[in-house]
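Worksheet: the structure to be examined is printed underneath.
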Amino acid sequence: MKNQTKKIEEYPEILTLQEACEVLNCHPNTLRNWDNKGILKAIRFGTRKDRRYKKEDVLKVINKGH
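Be aware that the sequence shown starts at 10, since it is given in our numbering, and climbs by one per residue.
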């Protein structure tokens, strides 16, 4: 089922943009803005410079209350 909520423990240590959005319940543009502002820095890789996020960093944002 697509709408089933996944627990944070079930996610890998490195999250895609979409996975981070699911965990934080926010729009991808929010994460892009947070990356630009330094709130939640992304790991950039590949020729497209795709964003990935460390699960531990996502949890820190959750605990800070952003």
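Beta carbons: idealized from backbone N, C-alpha and C, even for Gly. Just so it is clear, the structure is predicted and the values come from calculations on it, not from any experiment.
Measuring C-alpha to C-alpha distances from residue 66 to each of 15, 40, 59 identifies 40 as the nearest. Residue nearest to residue 45 within the set 15, 68, 60, 25 is 60 (criterion: CA-CA distance). In this structure, the straight-line span from the alpha carbon of residue 43 to that of residue 70 is close to 10 Å.
Under the DSSP definition of a beta bridge, residue 59 partners with 54. With fewer than 16 other Cβ atoms from the protein chains shown falling within 10 Å of its own Cβ, residue 68 counts as exposed.
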